[in-house]
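>
Number of protein chains: 2
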Amino acid sequence: MARLRDMGRATAVVSVADVSSWDREADVVVVGFGSAGACTAIEAREAGAEVIVLERASGGGGTSANSTGELYLGGGTPVQKDCGFEDDAEEMYKYLMAASGPNPDEAKIRLCVDSNVEHFHWLVDHGVRFKHSYYGDGSYIPTDDCLAWSGSELNRRFAAIAKPAPRGHTAQREGIEAGSELMRSLCEATERSGAEILTDCRVETLVQDRDRRVLGVVARIDGEDRRIRARGGVVLCAGGFINNDEMVAHHAPWLRRCKMRLAVDGDDGRGIRMGLGAGGEAIRMDTACIVLPFTVPKKHIQGLMVNLKGQRFINEDAYQTEVGAAALRAQDGQVLLVVDDEIYERPFPPVEFAGVGDTIEELERELEMPEGALQHTVAYYNEHAARGEDPIHGKTAEFLKPLTKPPFAALDYRVEHSLWGAFTMGGLHTSVDGEVLTADGDAIPGLYAAGRTTSGLAAQGYSSGLSLTDCTFFGRRAGRAAAGQAAR
Amino acid sequence: MARLRDMGRATAVVSVADVSSWDREADVVVVGFGSAGACTAIEAREAGAEVIVLERASGGGGTSANSTGELYLGGGTPVQKDCGFEDDAEEMYKYLMAASGPNPDEAKIRLCVDSNVEHFHWLVDHGVRFKHSYYGDGSYIPTDDCLAWSGSELNRRFAAIAKPAPRGHTAQREGIEAGSELMRSLCEATERSGAEILTDCRVETLVQDRDRRVLGVVARIDGEDRRIRARGGVVLCAGGFINNDEMVAHHAPWLRRCKMRLAVDGDDGRGIRMGLGAGGEAIRMDTACIVLPFTVPKKHIQGLMVNLKGQRFINEDAYQTEVGAAALRAQDGQVLLVVDDEIYERPFPPVEFAGVGDTIEELERELEMPEGALQHTVAYYNEHAARGEDPIHGKTAEFLKPLTKPPFAALDYRVEHSLWGAFTMGGLHTSVDGEVLTADGDAIPGLYAAGRTTSGLAAQGYSSGLSLTDCTFFGRRAGRAAAGQAAR
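Protein chains in written order, with this note's numbering: chain A, -12 to 475; chain B, -12 to 475.
Rendered as structure tokens:
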């Protein structure tokens, strides 16, 4: 338990009876200054609240600033329209409901989808720039373009349910780190809003009364514990828990095997722990965004993702997070991508060869797979791919090409040998207004949360950009709700 | 949220400042009278504590009384010895560590394994009878015999790690419901111990002081709320949450598809919710025991478990809970068992035919599988099975037999069409002494838990009998620990 204890006892809420006086006061106290915290603060200010933002790092941005800066937005945004794509809220709703696993949060999806165009304009009005241009695929956009396919919309399975549209909207910036640009805009907007921002200030725990109402926080400022009262509410926007080994071990131990934690240091579950300490419930704690980055170049989707027995287990055109989740859980992260000379290009990020052969038989032998297994997988696939079919896994015709041009190779995408990325998607259970709920479904008065401190839009499935949309959209709602409490 | 609210606000802990007087008092208050509650009460009494057991049903037993009455015990019990099986704690430890997924609770496994023989004697001393006889396989024993293989010990994968031994110990009773006999013994022992037992008495919530110490409970007795003080501690032994739809939806939604909930009504997560309300953390909430009951007759393990595309995905000799978990999560519960006329016998529980054919090709067509897929699966399997090999999935030689005798059939084990069983394995995070821990790893003073209200011995894997061993062994420890607090 050493590691956790070093992280401080976030759950040890302080009784208001032990607080003799408050050092500071505001209507809304926002814990964390990533995208969720920024949007919370801005909305709360615009609703007339006095706002203090407390950030433990030395500046704003959080994990959002390290991200690709892509938001999942649709329903007919100006960018979609200018790029010639039709979309409507209903189709987006159907896609998200289908792509979010067995228990999607319908209320959040409904509300978010119906407000997507408004939310796009709100972001623009607050300084976020989107070029009205179409890039193509994926969430790693090397140019300053905007619109991209960032989920499984075009897959047979989903295209049959909802009319596809590209919905990844990346903030305008040359290079794959547009998150810094997104957060530059949102941090500036927060400053302009008049919210007070305190950095290098770690919130230790919450202050509660005996009716469970949250009245404020205890924060470490300049080496001293300060009590800061929140008249309307405290909003926890403190990120996820991928950097808390103990929490990951308890809730999603397989994530420990992903090399790249898509996170900043602060993603140690502190916000979630504070919420638990106050009596909240954390849900879907096993869920995560797991990125198996094998789709650059896109031609590699024409390859075959197989386990170490030479068996396919998924349609390779499923979005890379869907492939990642299936590969990590059901295949123990032990997967290879089989390509031929026609489709092979140097992949990004780089990956090693697990084996090469002039024939599939030779490749199979080099990989020490069961005799005949990979040969059959490839032969069966090739036979049907030539007819534009993939009867077992249903890959879309566009990506079906028999693998026939030697030499053949298997790229080593085993989780320990390549650059899988992960961040957690589980967190506090919240209402659509960001109220933190108990396991009985009751709101804890005065306590709100948004972003990766909560379980948000994406229940079990993940399309790129959903997390930033969740953070910004439901951050706004939490800010408004907390401000409303102060005004009462 | 209606359903949850009807279940009462377990999380709404009462402040001791609002308790003007106590209606009753004891050293240890045990919430729930299943196997965990009974063993808690007995040990606490034997440690000299005054004990009250509160049970919401009209009598003791809980889910344990509806179970098969099988405990997972090893390390050289008298039954194992008399039946001619060698076992030692180290081998049992190695098996459990390997079979419990990526993050086993090593401390609990270590302690339990080292005390297993002592625990066996304790159970016998408290009236539980075990016939010193060997039955064979499984957890549904129709005779009054005792010892059985109840996990994956003999699988190639585990046999390479730990010397196999049968460890399922079923209490002596004719028929598959030996749980009632186990609980008759333990309930009688509890009565003999002098613990006071109150039935038809639902605990509503906990009473806490502002330092988070749990001082007692509020219980509904004869239509009135009664405050019962616990000088040493409250021990939550109130079962799992499979009968709480909302909690299942939030933590393990796929379980809703299993028809048979291995539970009593009380398994509505109330104990877990009380612990959360007091600031505890629930962990591994996605884990469960998922039973896909396809192994009676045992010859059916020689069949091929396939998905609807005719693909195998596991060695069929994996324990039925391991097959169940893999089939439900990664195959969406859509699986069939292919058999030939030589191995087919009427299965128990009964199951429908999904298809029959004189050839595999005909069967494949009838099942509307992709052309050639099942044919290849069977041909490849047969070719290797004839040589005693299963290169892809590694089924043990004993169960390898080419499927060649027509007619062939597919038994319909799709989750919606057959009798899958499930109960939850996630719950409150506890120390080896049953202390309920916060998300920071600190014990909540005065609060303990055991059994399915906690996340116990089996982290991600499940061998039959582990839950009753967990309930009884760690119930005892929690009872002792709480009694010790009263004595201080």
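Just so you know, even glycine gets a beta-carbon here, dropped at the ideal spot from N, CA and C.
Please specify which runs of the alpha helix (DSSP H), each continuous and at least 4 residues long, are wholly inside the stretch 159 to 226 of chain B, giving them in chain order.
Counting only runs of 4 or more, we get 166 to 180.
> Would you give the residue range spanned by the alpha helix (DSSP H) that Pro65 (chain A) belongs to?
Taking the first residue of the first sequence as 1, we reach residue 65 (chain A) at position 78. Per DSSP, Pro65 (chain A) belongs to the alpha helix (DSSP H) from Pro65 to Asp69.
> At 4 residues or longer, what runs of the alpha helix (DSSP H) sit wholly inside the stretch 83 to 152 of chain A?
Runs of alpha helix (DSSP H) with 4 or more residues, each lying fully within the stretch 83 to 152 of chain A, are found at 93 to 101, 103 to 112 and 143 to 146, listed in chain order.
> Kindly indicate the opening and closing residues of the alpha helix (DSSP H) around Phe461 (chain B).
In the second sequence, counting from the first residue as 1, residue 461 (chain B) sits at position 474. In this chain, the alpha helix (DSSP H) harbouring Phe461 (chain B) covers Leu453 to Ala474.
> What do you reckon, are the CB atoms on Ala217 (chain A) and Leu202 (chain A) nearer than 8 angstroms?
Translated into the one-based positions of the first sequence, residue 217 (chain A) becomes position 230. Translated into the one-based positions of the first sequence, residue 202 (chain A) becomes position 215. Yes.
> So, under 8 angstroms CB-CB, Tyr449 (chain B) and Val283 (chain B) are touching, yes? Tell me the CB distance rounded to an integer number of Å.
Within the second sequence, the letter at position 462 stands for residue 449 (chain B). Within the second sequence, the letter at position 296 stands for residue 283 (chain B). The pair is not a contact, with the Cβ atoms about 18 angstroms apart (cut-off 8 angstroms).
> Using a Cβ-Cβ cut-off of less than 9 angstroms, give me the residues of the stretch 276 to 297 of chain A that come near chain B, in sequence order.
Lys296 and Gly297
> Using DSSP bridges, identify the partner residues of Val293 (chain B).
One-based indexing of the second sequence puts residue 293 (chain B) at position 306. Answer is B:Arg299 and B:Leu323, bridged to Val293 (chain B).
> What residues from chain A crowd round Arg260 (chain B), counting only those whose CB sits closer than 9 angstroms?
Taking the first residue of the second sequence as position 1, residue 260 (chain B) is located at position 273. Result: Glu268, Thr425, Ala426 and Asp427.
> Less than 8 angstroms between CB atoms is the rule here; does Pro378 (chain B) satisfy it with respect to chain A?
The residue you call residue 378 (chain B) lines up with position 391 of the second sequence. Judged by the 8 angstroms Cβ criterion, Pro378 (chain B) is in contact with chain A.
> Could you check whether Gly49 (chain A) and Phe20 (chain A) sit closer than 8 angstroms to each other, using their CB atoms as the reference points?
In the first sequence, counting from the first residue as 1, residue 20 (chain A) sits at position 33. In the first sequence, counting from the first residue as 1, residue 49 (chain A) sits at position 62. For Phe20 (chain A) and Gly49 (chain A), yes; Cβs fall inside 8 angstroms.
> Would you call the CB atoms of Trp407 (chain A) and Arg214 (chain A) closer than 8 angstroms?
Residue numbering aside, residue 407 (chain A) sits at position 420 when the first sequence is read from its first letter. Residue numbering aside, residue 214 (chain A) sits at position 227 when the first sequence is read from its first letter. The answer is no: Cβ separation not under 8 angstroms.
> Check whether the stretch 357 to 365 of chain B and the stretch 340 to 347 of chain A touch, using three or more Cβ-Cβ pairs below 8 angstroms as the test.
no
> How many angstroms separate the CA atom of Ala477 (chain A) from the CA atom of Asn53 (chain B)?
Missing from the structure shown is residue 477 (chain A); chain A here goes from -12 to 475 and no further.
> Which residues in chain B have a C-beta closer than 8 angstroms to the C-beta of Ala(-3) (chain A)? List them in chain order.
On the first sequence, position 10 is the one that residue -3 (chain A) refers to. The contacting residues are Ala426 and Asp427.
> If you pair each beta-carbon of the stretch 320 to 331 of chain A with each one of the stretch 249 to 268 of chain A, do three or more pairs fall below 8 angstroms?
Result no; under three Cβ-Cβ pairs closer than 8 angstroms.
> If you reduce the DSSP assignment to three classes, tell me which class Tyr435 (chain B) lands in.
Counted from its first residue, the second sequence places residue 435 (chain B) at position 448. Strand.
> Residues in its own chain within less than 7 angstroms of Lys286 (chain A) by CB, not counting five upstream and five downstream?
Counting from one through the first sequence, the residue named residue 286 (chain A) turns up at place 299. If we look at Lys286 (chain A) and ignore the five residues flanking it on each side, its Cβ neighbours are Ile330 and Glu332.
> Verify the CB distance criterion: does Met476 (chain B) have a CB-CB separation below 8 angstroms to chain A?
Summary: the structure shown does not reach residue 476 (chain B), with chain B confined to residues -12 through 475, and so no result is reported for it.
> Suppose contacts are defined by Cβ-Cβ distances below 8 angstroms. Is Leu434 (chain B) in contact with Gly220 (chain B) by that definition?
As a first step, residue 434 (chain B) must be located in the second sequence, where it is residue number 447. As a first step, residue 220 (chain B) must be located in the second sequence, where it is residue number 233. Their beta carbons are under 8 angstroms apart, which means Leu434 (chain B) touches Gly220 (chain B) by this criterion.
> What does a CB cutoff of less than 6 angstroms around Phe335 (chain B) pick up in its chain, not counting 5 residues either side in sequence?
Locating residue 335 (chain B) in the second sequence gives position 348, counting from the first residue. Closer than 6 angstroms at Cβ, skipping near neighbours: Val283.
> What are the boundary residues of the beta strand (DSSP E) that Thr411 (chain A) is part of?
The residue given as residue 411 (chain A) occupies position 424 in the first sequence. Where Thr411 (chain A) is concerned, the enclosing beta strand (DSSP E) stretches over Gly408 to Thr411.
> Let's test the definition: count the other Cβ atoms within 10 Å of the Cβ of His156 (chain A) and tell me whether it reaches 16, buried, or not, exposed.
For the purposes of this step, residue 156 (chain A) is identified with residue 169 of the first sequence, where counting begins at 1. With 16 or more neighbouring CB atoms inside 10 Å of its own CB, His156 (chain A) falls in the buried class.
> Leaving out five residues on either side along the sequence, give the residues of the same chain with a beta carbon under 8 angstroms from the beta carbon of Thr55 (chain A).
For the purposes of this step, residue 55 (chain A) is taken as residue 68 along the first sequence, with counting starting at 1. Ser126, Tyr127, Ile128, Thr157, Ile163, Glu164, Ala165, Gly166 and Ser451, listed in sequence order.
> If you measure between the beta carbons of Ala409 (chain B) and Ala275 (chain B), is that distance less than 8 angstroms?
Sequence index remark: in the second sequence, residue 409 (chain B) carries index 422 (1-based). Sequence index remark: in the second sequence, residue 275 (chain B) carries index 288 (1-based). Contact: yes.
> Suppose you measure from the CA of Ala28 (chain A) to the CA of Glu105 (chain A); what does that come to, to the nearest Å?
Counting from one through the first sequence, the residue named residue 28 (chain A) turns up at place 41. Counting from one through the first sequence, the residue named residue 105 (chain A) turns up at place 118. Cα to Cα, the separation comes out at about 18 angstroms.
> So, under 8 angstroms CB-CB, Gly421 (chain B) and Ala436 (chain B) are touching, yes? Tell me the CB distance rounded to an integer number of Å.
By one-based count along the second sequence, residue 421 (chain B) stands at place 434. By one-based count along the second sequence, residue 436 (chain B) stands at place 449. So it is a contact: roughly 6 angstroms between Cβ atoms.
> Report yes if the CB atom of Asp196 (chain A) is closer than 8 angstroms to the CB atom of Asn231 (chain A), and no otherwise.
Along the first sequence, read from residue 1 onward, the residue named residue 196 (chain A) stands at position 209. Along the first sequence, read from residue 1 onward, the residue named residue 231 (chain A) stands at position 244. Not a contact, by the Cβ cut-off of 8 angstroms.
> Of all the options B:Ala360, B:Met234 and B:His380, which has the alpha carbon lying nearest to the alpha carbon of Pro378 (chain A)?
As a first step, residue 378 (chain A) is located in the first sequence; it is residue number 391 there, counting from the start. Of the candidates B:Ala360, B:Met234 and B:His380, the one whose C-alpha sits nearest the C-alpha of Pro378 (chain A) is B:Ala360.
> Is there a C-beta anywhere in chain A that falls below 8 angstroms from the one on Gly443 (chain B)?
The residue you call residue 443 (chain B) lines up with position 456 of the second sequence. With 8 angstroms as the cut-off, Gly443 (chain B) does not count as an interface residue toward chain A.
> Please check the pair Ala85 (chain B) and Ala149 (chain B), which I expect to be a contact at CB under 8 angstroms, by giving their CB distance rounded to whole angstroms.
Position 98 of the second sequence, counted from the start, is the residue given in the question as residue 85 (chain B). Position 162 of the second sequence, counted from the start, is the residue given in the question as residue 149 (chain B). Going by Cβ atoms, the distance from Ala85 (chain B) to Ala149 (chain B) rounds to 7 angstroms, so yes, they are a contact pair.
> Just the Cα atoms here: how many angstroms apart are Ser51 (chain A) and Ile96 (chain A)?
For this step, residue 51 (chain A) is matched to residue 64 along the first sequence. For this step, residue 96 (chain A) is matched to residue 109 along the first sequence. Roughly 21 angstroms between the two C-alpha positions.
> Identify which residue in A:Ala465, A:Val204, A:Leu354 and A:Ala384 has its Cα closest to the Cα of Asp5 (chain A).
By one-based count along the first sequence, residue 5 (chain A) stands at place 18. If we check each option's Cα against that of Asp5 (chain A), A:Val204 comes out closest.
> How is Leu(-9) (chain A) classed by DSSP in three states: helix, strand or coil?
Numbered from 1 along the first sequence, position 4 holds the residue referred to as residue -9 (chain A). For Leu(-9) (chain A), the predicted structure reports a pLDDT of 39, less than 50, and the residue's modelled location is therefore unreliable. A value from the coordinates is still provided. If DSSP states are grouped into helix, strand and coil, Leu(-9) (chain A) belongs with the helices.
> Identify the contact partners of Glu358 (chain B) in chain A, using a Cβ-Cβ distance below 8 angstroms as the criterion.
The sequence position of residue 358 (chain B) within the second sequence is 371, counting from 1. Under the 8 angstroms cutoff, chain A gives Pro378.
> Which chain B residues sit within Cβ distance under 8 angstroms of Trp503 (chain A)?
Examination of residue 503 (chain A) is not possible in this model, given that chain A is present from -12 through 475 alone.
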